């Protein structure tokens, strides 16, 4: 599995060959963070990041230039656009940084982008602060390591930053105590559960006095043999014996319930309602409130993505979050219908908006107004005739 964390680097100033500038490394030390491959072993983290990255792919990123739009839709030749962007967004959520190298021709036109793991990338800042450069170790042996890559040749999306937006901070850093506690609680719960079910029952010998160990062991073996050979049938004892099966103690059951308490902490770190993890959350929150909170969280991640693409591609991108939060478009159609009813939109305008959004097909036949008016007129005539008969 790829290692998403950046390799540890020397944080002191670095001189590179004959370059007159003094460079300082910006990369993080690995021991400050929860390892990404370990984090993905927790179902709460994986399910949340899988949903967030998948929804970020569903967001429509509409560029004002057709060439840029084609590149955004299909950035690489090795896989499809959805897979590429979900990897980028998953990486962003794990590490706080997502990288892609822009392979361009001699005219500076993008040919394709190559996804890069943070462990492949080393980022540096010139001493005068005039720009950033990257050293990248490519997986392809014939390429090897590229040095002094200018920032214009890199797509570098960042989340929250402590150094002015040069590099992002991994959200997993704040989850280190939670993941440690969750791991410890899981081990403790499993150990307690195993110990609680290791002995399946207690066989009491009534009026037997103080039995020696050999006699007690003999009774135990005979009882176990009877249980094993009963095939689900009744367990037979005499009046001098009393067998009581053990149950999982209530404190063990409560412990098993508590091992998921970190789910709400994980949701809080990524800014989403905890109902997206544990299925419960705040019972007083309505579905609309939960959806609004999720939309705000999703928009917080969309903003740095759009900002980076606008900056590096010199374009303007409009973001449309509706496909991610209203997959079928029913809520959107209901809103347009309400706007039509209150007179904000005319019928043809509402139809146009629904067609542009893809809710209605573009080749939808125009309404037959003549037939509709005829049908209404027939109803009116019938009503008039009925009234006339009543007057007669």
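Residue numbers (my numbering): 1452 to 1843. Quick reminder that beta carbons are idealized off the backbone N, C-alpha and C, glycines included. As the structure is a computational prediction, the values presented were derived from the model and not from experiment.
Neighbourhood of residue i by C-beta distance below 8 Å, restricted to the same chain and skipping five residues each side
| i | result |
| --- | --- |
| residue 1761 | 1767 and 1768 |
| residue 1540 | 1503, 1504, 1507, 1508, 1549, 1752 and 1756 |
| residue 1555 | 1561, 1562 and 1604 |
Nearest-angstrom Cβ-Cβ length linking residue i and residue j, presumed shorter than 8 Å
| i | j | result |
| --- | --- | --- |
| residue 1722 | residue 1748 | 4 Å |
| residue 1519 | residue 1764 | 5 Å |
| residue 1499 | residue 1717 | 6 Å |
| residue 1604 | residue 1553 | 5 Å |
| residue 1509 | residue 1775 | 4 Å |
Length of the line joining the Cα atoms of residue i and residue j
| i | j | result |
| --- | --- | --- |
| residue 1588 | residue 1750 | 32 Å |
| residue 1507 | residue 1791 | 31 Å |
| residue 1786 | residue 1780 | 10 Å |
| residue 1665 | residue 1638 | 35 Å |
| residue 1804 | residue 1816 | 16 Å |
| residue 1597 | residue 1795 | 57 Å |
| residue 1808 | residue 1784 | 10 Å |
| residue 1570 | residue 1595 | 14 Å |
| residue 1580 | residue 1814 | 55 Å |
| residue 1532 | residue 1797 | 37 Å |
| residue 1802 | residue 1746 | 26 Å |
| residue 1494 | residue 1530 | 26 Å |
| residue 1719 | residue 1492 | 19 Å |
| residue 1536 | residue 1806 | 27 Å |
| residue 1812 | residue 1592 | 49 Å |
| residue 1818 | residue 1793 | 21 Å |
| residue 1521 | residue 1742 | 31 Å |
Local Cβ density within 10 Å of residue i, reported as buried at 16 or more and exposed below that
| i | result |
| --- | --- |
| residue 1557 | exposed |
| residue 1568 | buried |
| residue 1622 | buried |
| residue 1504 | buried |
| residue 1562 | exposed |
| residue 1740 | exposed |
| residue 1422 | Only positions 1452 to 1843 of the chain appear in this structure, which leaves residue 1422 out of reach. |
| residue 1526 | buried |
| residue 1611 | exposed |
| residue 1738 | exposed |
| residue 1538 | buried |
| residue 1726 | buried |
| residue 1699 | For residue 1699, the pLDDT reaches just 47, beneath the cut-off of 50, and the residue's location in the model is therefore unreliable, leaving the point undetermined. |
Candidates the options, of which the one nearest residue i by Cα
| i | options | result |
| --- | --- | --- |
| residue 1778 | 1626, 1511, 1576 and 1798 | 1511 |
| residue 1490 | 1795, 1626 and 1740 | 1626 |
| residue 1565 | 1543, 1517, 1606 and 1776 | 1606 |
| residue 1514 | 1758, 1802 and 1800 | 1758 |
| residue 1770 | 1492, 1497, 1501 and 1523 | 1523 |
| residue 1534 | 1555, 1517 and 1501 | 1501 |
| residue 1600 | 1551, 1624 and 1628 | 1551 |
Beta-carbon contacts of residue i that lie in its chain and below 7 Å, excluding the five residues immediately before and after
| i | result |
| --- | --- |
| residue 1583 | 1574, 1575, 1576, 1602 and 1617 |
| residue 1609 | 1547, 1548, 1616, 1618, 1619 and 1755 |
| residue 1528 | 1563 |
| residue 1810 | 1780, 1783 and 1784 |
| residue 1497 | 1491 |
| residue 1517 | none |
Contacts around residue i, its chain only, beta-carbon distance under 6 Å, and the 5 residues preceding and following it disregarded
| i | result |
| --- | --- |
| residue 1788 | none |
| residue 1586 | 1573 and 1598 |
| residue 1744 | 1724 |
| residue 1672 | none |
| residue 1800 | none |
| residue 1628 | none |
| residue 1648 | Legend: pLDDT at residue 1648 = 48, less than 50; position of this residue unreliable, value from coordinates given subsequently. Within the same chain, residue 1648 has no close Cβ partners at all. |
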